[in-house]
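Each residue of the sequence shown is one higher than the one before, counting from 924 in my numbering. Right, one structure below, let's go through it.
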Amino acid sequence: MRPFRIPNDASQTFWPGMRLRELTTLYDCDRRLSLLIIDAIERTEVAARATISKHMGPLHGARLMPIKP
């Protein structure tokens, strides 16, 4: 909320006309957007890992699997 405060003001007041409701709405929108972006990145990462595993698995085998005695 710092960008909405008057700079170099000791009382840390907000710009004229700025309301707390507007700030909380903006904060909530930013939080939701961040969650959507992180979710999209996570899905992309899982898809990339699956594609790499599908390609590399048959070529190199499952060397990381424990060997049964």
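Backbone N, C-alpha and C fix where the C-beta goes; we use that ideal spot for every residue, glycine too.
Give me the DSSP bridge partner(s) of residue i.
i: Arg928; result: Phe937
Tell me which same chain residues have a C-beta within less than 6 Å of the C-beta of residue i, skipping the five on either side of it?
i: His978; result: none
i: Gln935; result: Arg928
Could you pull out every residue in the same chain whose Cβ sits closer than 7 Å to the Cβ of residue i, ignoring the five residues on either side in sequence?
i: Met941; result: Phe927
Whole alpha helix (DSSP H) elements within the region 953–982, 4-residue minimum: none
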